Structures are given as structure tokens and as C-alpha cells.
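Below is one structure, written out as C-alpha cells; the observations come after it.
Numbering (the numbering used here), first residue to last: 20 to 295.
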């Protein structure tokens, strides 16, 4: 099996720099020099194998964790990314949280209350399918929060993520960058497929009418919250295989940098022979 490729530097948003989403490609342009067949048949499996190996060490070490944040517009492929990147990881070593509209109880607390409760414990890889960024992206576009609140939440998010990192959680943030045309095709495919039509809602059309507003909200949120301790990565998402490959590269790189260590076996287990 071939060596899996390294993380493309072009997807990272450096702190203090604008992400310039309108100028970033939604297909290609991520430094991925391969094709769909090779990515799916050899490169992605190699990355998954390495992620599984490192996750097992992370679980055994039981000292740190990883949080993978997947954010993007509808149909950008958050569910598909999770299936293809983490499909081989032991369920006991992962935790996936999908954030929908907050409940009455959740609204009675601060916006990060429900988020903190879903963060991975030590030894696990946690995944946010949508995330705390909904409160400064979608909620902002829909007029549910004012500008002063958005500014305050940017600061709270940065401080929250700094706390997670300082307490041993590596945060990997991926914005799945989808084009308007590709989203239209995927929404239409949902409508045309009786098995997937249930996923479509009329609100999807309303959000498409606000496409430019959403892009501006994404642009500012990424700019204001790409930090040295938790930078954003803008992942081209029009090609599903490329999206999966880049996210897998980022997760593998994060785990490699952590270099989790398997603890030494208890001394009393040395020389133990299991009887027949």
C-alpha cells in the first residue's frame, strides 16, 4: 500500500489572515495530486489504517483527545466525511455529536453549555457534525442574534477552544467549502431519490436565497476564530473523494503530531502464561 500524502498547506487559514473564501477553489486546488480511483482504492485506505493505529494508541494512552469540527453549508458532506474517514475506527474510541436547533433547556444556558458536554473524553476522537459555529453563522444570517452578541461569541469560542487545547484536546477545524452549483445538484438529487427525499426541507431553499449572506458570515467567522491553537482549514468539497482525502490527511497529521504512547504493561503481567 502506498504512503499516504501529507497535508496540503494551502487549505490552512493562518491566524490574522482573511480566508478569502470567494477566491478559494471548491474543487481541486488543495494540493491533491491524484485521481479519484487512486484516492479511493489506495490513498484513503492507507490514511484510515494509520488513523486507526494512532487512535488505538491514543485510547491506550488515555491522556489526551482530538476534536474534529466539520462545518459547512447543507449538502457539503459532513456525514459522508465521517463515514469515509472514520469508518474503521473502533466505536468505543470515537464520539460523534450532531448539533441541531437548541432545545428549550439548552436555550436556558449559555451557547457553549451543550457543546462542552459533547467534547471527547481522554483517549477518544470526537467529531462535531455542525458545531458551536452555528451560533455565529446560521443564527447570524437568520437574524437570531445581533452583531454585539456575535462579537462576544467569537471571543468566547476562541477562549473555549484555547481551554480545550490547554487541557489536552487537539482541535482540528474543517470548513467544507461547497459551490452553489454543486449544492443545487445535490439538493436536486435528494429530491429525485425517494430514499433520501426525507432529508430535504423547504428551509434549504430559503437558505439558498441567502447564499451570499451565508458566505459573508462564514468568511468573518473563519477569520475571527482561526487561531494559533485551533486554526481553520478550508477543504474543497465539490469532489467528495478529494474532501475525504484532505480531511483524513488533516486528522492523521494531528494524531502524528500528538504521538500518543502505549503505556508500559503492569510489572505483575510479565511472564504470565495463559493456562490451557
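Positions of the beta carbon are idealized from the N, C-alpha and C atoms, including for glycine.
Just so it is clear, the structure is predicted and the values come from calculations on it, not from any experiment.
Please name the residue in the options whose C-alpha comes closest to that of residue i.
i	options	result
residue 235	34, 41, 36, 32	41
residue 99	186, 168, 259	259
residue 135	180, 287, 148	180
residue 222	43, 92, 61	92
residue 200	37, 46, 27	46
residue 80	148, 284, 205	284
residue 202	186, 219, 213, 117	219
residue 247	206, 189, 204	189
residue 168	249, 227, 130	130
residue 147	117, 57, 184, 278	117
residue 227	34, 57, 204	204
residue 279	187, 176, 237, 32	187
residue 161	232, 30, 170	232
What are the partner residues of residue i, as DSSP defines its beta bridges?
i	result
residue 196	255
residue 113	144
residue 31	252
By a C-beta neighbour count over all protein chains shown, 10 Å radius and 16 as the cutoff for buried, is residue i buried or exposed?
i	result
residue 166	exposed
residue 150	buried
residue 104	buried
residue 178	exposed
residue 251	buried
residue 63	buried
residue 124	exposed
residue 153	buried
residue 288	exposed
residue 295	exposed
residue 245	buried
residue 159	buried
residue 77	buried
residue 274	buried
residue 293	exposed
residue 172	buried
residue 39	exposed
residue 28	exposed
residue 119	exposed
residue 55	exposed
residue 127	exposed
Less than 8 Å between the beta carbons of residue i and residue j, yes or no?
i	j	result
residue 269	residue 191	yes
residue 182	residue 240	no
residue 12	residue 145	The requested residue 12 does not occur in the structure, where the chain is confined to residues 20 to 295.
residue 108	residue 74	yes
residue 3	residue 106	Residue coverage of the chain in this structure runs from 20 to 295, which leaves residue 3 outside it and unanswerable.
residue 305	residue 88	Lying before the first or after the last residue shown, residue 305 is absent from the chain, which here runs from 20 to 295.
residue 141	residue 82	yes
residue 196	residue 291	no
residue 262	residue 66	no
residue 242	residue 37	yes
residue 256	residue 70	no
residue 210	residue 216	yes
residue 86	residue 139	yes
residue 184	residue 276	no
residue 102	residue 121	no
Taking 7 Å as the line, does the beta carbon of residue i fall inside it for any heavy atom of the ligand MG?
i	result
residue 204	Of the ligands one can find in the structure shown there are none, so the ligand MG has no counterpart to examine.
Going along the chain, which unbroken runs of the beta strand (DSSP E) with 3 or more residues stay wholly within the segment 174-236? For the segment 174-236, whole beta strand (DSSP E) runs of length 3 or above, ordered along the chain, are 188-196.
Within the segment 42-92, ranges of the alpha helix (DSSP H) (whole runs, at least 4 residues): Considered as a whole, the segment 42-92 harbours 63-80 as its complete alpha helix (DSSP H) runs of no fewer than 4 residues, in chain order.
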